[in-house]
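Taking it in order: structure first as structure tokens, then the write-up.
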Amino acid sequence: MENDRPDAKKIVANIGWLSLDKLLHMLVGLLVGVWIARYLGPDQFGLLSYAQAFVALFSALASLGLDGIVVRNIVRNPDIAGETLGTAFIMRMAAGLLTFCITMSVIYIMYPHDPLIRLLVGIIAAGTVFQAFDTIDLLFQARVSSRYTVYAKNAAFLAVSLLKVVLILKEASLVAFALAGLAEVVIGAAGMLLAYSVAGRSITGWRMNLKRGRELIGNSWPLILSGIVVMIYMRIDQIMLREMLGTEAVGIYSAATRISEIWYFFPTAIVSSVFPSIIQAKQVSEELYNRRLQKLFVLMAALAYAIAIPMTFMSGWVIDLLYGNKYFEAGPVLSIHIWASVFVFLQISTGSWFINENLQIQAFFRYLSGAILNVFLNLLLIPYYGVKGAAISTICSFGLVVLSPIFFSPSYRKLSRLIIKAIILKWKI
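Everything in the sequence shown is counted per my numbering, starting at 683 for the first residue and increasing by one.
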């Protein structure tokens, strides 16, 4: 017999903590980010956005795709949690250093005579090394106790947000804002260590195990590749816009997409909270497992529609209110790009199904198809439609990733049915 109440209370509380965290990031980050964009102007803001997008292309390598795998393993085998966390931490620290070296090598090859872009990328890429400390959060996710992460991350975020305001008032250079971003990552890492200690734990109890490492990388290597192609199809538009239209176009596009992407905290908070419950449900019965998945997918689609529909009609007003006349071209872009949220919300939630079914390789190929389509459509549409062409390409590629099991994978009929019912908001299986 299903007994959801204790789990449900814990999940709802955890979603509340994560939503509070993300809501604070959304509101404060939006206000400070808009102020920075207005201060820098489309050209310099575009250059900063380009550097961030460039580093993002390689950032998936730093995480090694371990997040969902580690959470799953801790839930299934809590007795060896310290060994799992210690192994993941060392692996991610090494991967962060490797990511930094690769990123800097590529940017030096691409821009041998542009010291500013190399400096911006170098500063931002340094943050990938400190991402290893996010391993601490994986235990909190598995225990559905995200309040500790919220404390740590918010302290860093608020401190650096205040610093960014000071930088604007002092009319600081573009490089100073890149350094502020790095400071947030470093302070956040220190905060995670402190939060872990406050929770009565210590990383000194973690242990590296080579056998465990081989198991983790054996399960996660498709997710590493998936993460890389995900970053390609999510950020390649900004890279291609700069090469084809210039940095000002990147600034216009980034202004629109940042409004669109601030809503992505909803699926992230919800999925990270219910993922342990979904793992446990599969161990109970297939019926309970599918029922929980269906509820999750429908909730994601409903939230996305609730955001996309009004924003379609309000986009011009929102851009003018926040960014001013310099960014007026971002209004039509936002009205298009906001519909990507429907597929992003479903993509994040269906990703938990692929991990739980141990279908990481299949997940990689669905993301690869999206990345290839995005690059192809950008080459086709940007010359004719400009920045709006990049937004159209994004929607099409995101849609392919979510809908590919329906059209190309007969063995995933069960998932396909869940996706279709979610899109039409059908709650029952």
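All C-beta atoms, glycine included, are put in the ideal place defined by N, C-alpha and C.
- Short of 8 angstroms from the beta carbon of valine 757, and not among the five residues preceding or following it, lie these beta carbons of its own chain, in chain order: Ala824, Pro958, Ile961, Gln962.
- The Cβ-Cβ distance between alanine 742 and glycine 863 does not fall below 8 angstroms.
- Under the three-state reduction of DSSP, isoleucine 941 is assigned to helix.
- Shortest Cα-Cα distance from leucine 739 to any of Leu875, Ile806, Ala872 involves Ile806.
- Remark: C-beta atoms of arginine 940 and alanine 735 do not approach each other more closely than 8 angstroms.
- DSSP, read as helix, strand or coil, puts tryptophan 999 in helix.
- The distance from the Cβ of leucine 779 to that of alanine 834 is about 23 angstroms, inconsistent with a contact at the 8 angstroms cut-off.
- Residues of the same chain with a CB within less than 8 angstroms of the CB of phenylalanine 1080, apart from the 5 flanking positions on each side, are Tyr915, Ala1022, Phe1025, Val1026, Gln1029, Gly1052 in chain order.
- Serine 879 and glycine 873 have their C-alpha atoms spaced approximately 10 angstroms apart.
- The Cβ neighbour count for proline 724, taken over all protein chains shown within 10 Å, is at least 16; the residue is labelled buried.
- For arginine 1048, same chain residues with a beta-carbon under 6 angstroms away, outside a window of 5 residues either side, are Val1083, Ser1086 in chain order.
- Where tryptophan 1035 is concerned, the enclosing alpha helix (DSSP H) starts and stops at 1022 to 1038.
- Boundaries of the alpha helix (DSSP H) harbouring glutamine 965: 947 to 966, taken from the DSSP string.
- The way I'd put it, the stretch 713 to 728 does touch the stretch 1001 to 1011; three or more beta-carbon pairs between them come closer than 8 angstroms.
- Take the alpha-carbon of phenylalanine 815 and the one of glycine 809: they are about 11 angstroms apart.
- Here the stretch 894 to 904 makes no contact with the stretch 831 to 847; the two share fewer than three CB pairs at distances below 8 angstroms.
- In the structure shown, the three-state DSSP call for methionine 890 is coil.
- Here tyrosine 1005 is buried: its Cβ has 16 or more other Cβ atoms, across all protein chains shown, within 10 Å.
- Arginine 883: not part of any alpha helix (DSSP H); DSSP gives it neither H nor E.
- Around the beta carbon of arginine 974, 16 or more other beta carbons lie within 10 angstroms, which makes this residue buried.
- Judged by beta-carbon spacing, tryptophan 888 lies within the 8 angstroms limit of phenylalanine 771, meaning their Cβ atoms are closer than that value.
- A straight line joining the alpha-carbon of tryptophan 945 with that of valine 932 spans about 20 angstroms.
- Two segments are said to touch when three or more pairs of C-beta atoms, one from each, lie closer than 8 angstroms; by this definition the stretch 945 to 954 does not touch the stretch 918 to 937.
- If you look at glycine 1006, you'll find it isn't in any alpha helix (DSSP H); DSSP assigns it neither H nor E.
- A Cβ-Cβ contact shorter than 8 angstroms links leucine 748 with leucine 898.
- Here asparagine 1038 really is in contact with arginine 754; their C-beta atoms are around 7 angstroms apart, less than 8 angstroms.
- The residue among Val737, Leu1062, Ile991 with its C-alpha nearest the C-alpha of leucine 801 is Val737.
- Boundaries of the alpha helix (DSSP H) around proline 797: 797 to 807.
- For valine 953 and serine 1034, the gap between their C-alpha atoms comes out near 8 angstroms.
- Isoleucine 869 places its beta carbon less than 8 angstroms from that of valine 842.
- Judged by DSSP in its simplified three-state form, tyrosine 793 adopts coil rather than helix or strand.
- Your pair alanine 763 and leucine 821 checks out as a contact, with CB atoms roughly 6 angstroms apart and the cut at 8 angstroms.
- Secondary structure at alanine 854: coil, using DSSP grouped into helix, strand and coil.
- With a threshold of 16 other beta carbon atoms within 10 Å, glycine 900 falls short and is exposed.
- Assigned with DSSP and collapsed to three states, phenylalanine 1047 falls in helix.
- Closest by C-alpha distance to arginine 774, out of Ser745, Ser731, Tyr935, Ile751, is Ser745.
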